[in-house]
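Below: the structure, in structure tokens.
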Amino acid sequence: MKKYFTVLTVMLLAAMAVATWAETKKGAMLPKDWMTYQFIGSLIITDQKSPLFGIHHFYMNKKGIETFKKGGAYPDGTIIVDAVYEAVMGQGGMINEGKKLFYPVMIKDSKGKEAKETGGWIFAAFDPDGKPIQMDVKKGCFECHASVKDSDYVFSKPLK
């Protein structure tokens, strides 16, 4: 149960970051090196009615890993990327990864004007080709993340 909660938290953290990052309008991109980030967890949302339905794999850059392990406020420059794949239901309850769906991203920028109303985080989402997805970040991401203010708006926790 603890592992499931941790994985769910990680997923919700990134998945709720499905909103757009204001700077994408200025040409910001999905970090090209995100696959070199440290893997921090996975989870599956099986509710097909959920906009977050799918298999989620979470990655964090080096800047935030110490805080991820120990807790506290994440340093500016921390980036969390969620690679979301279609969940393909198979026989006997087996779930496989299908096509890539999108990449929710969170970027810590406590001093930036884009993150003033979202707890110091910039929320963004990108399609499988890395193009920005336009969404209302307050409704699409931050309203849910506000419930974990005590962990600097990050759902993810390391497994114990």
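So the numbering used here is basically just the index in the sequence shown, starting at one, shifted up by 1448. The beta-carbon is built from N, C-alpha and C at its ideal position, and this holds for glycine as well. Small disclaimer: the values here were computed from a predicted structure and weren't measured.
Between which two residues does the beta strand (DSSP E) carrying residue i extend?
{"i": "G1489", "result": "1486–1493"}
{"i": "G1546", "result": "1543–1556"}
{"i": "F1571", "result": "1569–1574"}
If we count the other Cβ atoms within 10 Å of its Cβ and call it buried at 16 or more, is residue i buried or exposed?
{"i": "N1544", "result": "exposed"}
{"i": "A1531", "result": "buried"}
{"i": "E1514", "result": "exposed"}
Once DSSP output is grouped into helix, strand and coil, what is the label at residue i?
{"i": "D1598", "result": "helix"}
{"i": "K1473", "result": "Residue placement at K1473 cannot be trusted, given a pLDDT of 43 that sits under 50; what the coordinates show is reported in the next sentence. Helix."}
{"i": "A1521", "result": "coil"}
{"i": "E1514", "result": "helix"}
{"i": "E1432", "result": "Residue 1432 is absent from the structure shown; the chain starts at 1449 and stops at 1608."}
With the cut-off set at 9 Å, would you say residue i and residue j are in Cβ contact?
{"i": "F1571", "j": "V1596", "result": "no"}
{"i": "G1512", "j": "L1549", "result": "no"}
{"i": "F1574", "j": "Y1601", "result": "no"}
{"i": "I1581", "j": "W1569", "result": "no"}
{"i": "D1524", "j": "D1557", "result": "yes"}
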